[in-house]
Amino acid sequence: MIPRSILLILCLFSSFGWAALTRLDMPALVKLLLAQGYHDIREIELEGDRFEVSTLDAREQKVRLSVDAYSGEITQQKEAD
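Numbering (the numbering used here), first residue to last: 1104 to 1184.
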């Protein structure tokens, strides 16, 4: 028989693993981008496992970002038209 404490630890580890696979919601994404100096977020589209975001950077330049929908990592930034 497995002790209860070990079962509890296993449950905690499995829930942490599940949480790591949870996709960011829009408010969390916006907060993350604002904290990195982006502002005036105009458009957010979810495409598979990434967000496509139209925004202004800290230098007031229009940019298009690709953001990993799970980690929040900006994987690409390019100037927008």
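Backbone N, C-alpha and C fix where the C-beta goes; we use that ideal spot for every residue, glycine too.
If you follow the beta strand (DSSP E) that L1149 is in, where does it begin and where does it stop? Locating residue 1149 in the sequence shown gives position 46, where the first residue counts as 1. Here the beta strand (DSSP E) through L1149 covers 1142-1150.
Relative to the C-alpha of Q1180, which residue among R1126, L1135, L1159 is closest? In the sequence shown, residue 1180 corresponds to position 77, counting from 1. That would be L1159, whose Cα lies nearest to the Cα of Q1180.
If you run the structure through DSSP and keep just helix, strand and coil, what is L1168? Within the sequence shown, residue 1168 is the residue found at index 65, counting from 1. Strand, per DSSP.
In the DSSP assignment, what residue or residues form a beta bridge with S1157? As a working note, residue 1157 is residue 54 in the sequence shown. According to DSSP, which records beta bridges pairwise, S1157 is partnered with E1146, R1167.
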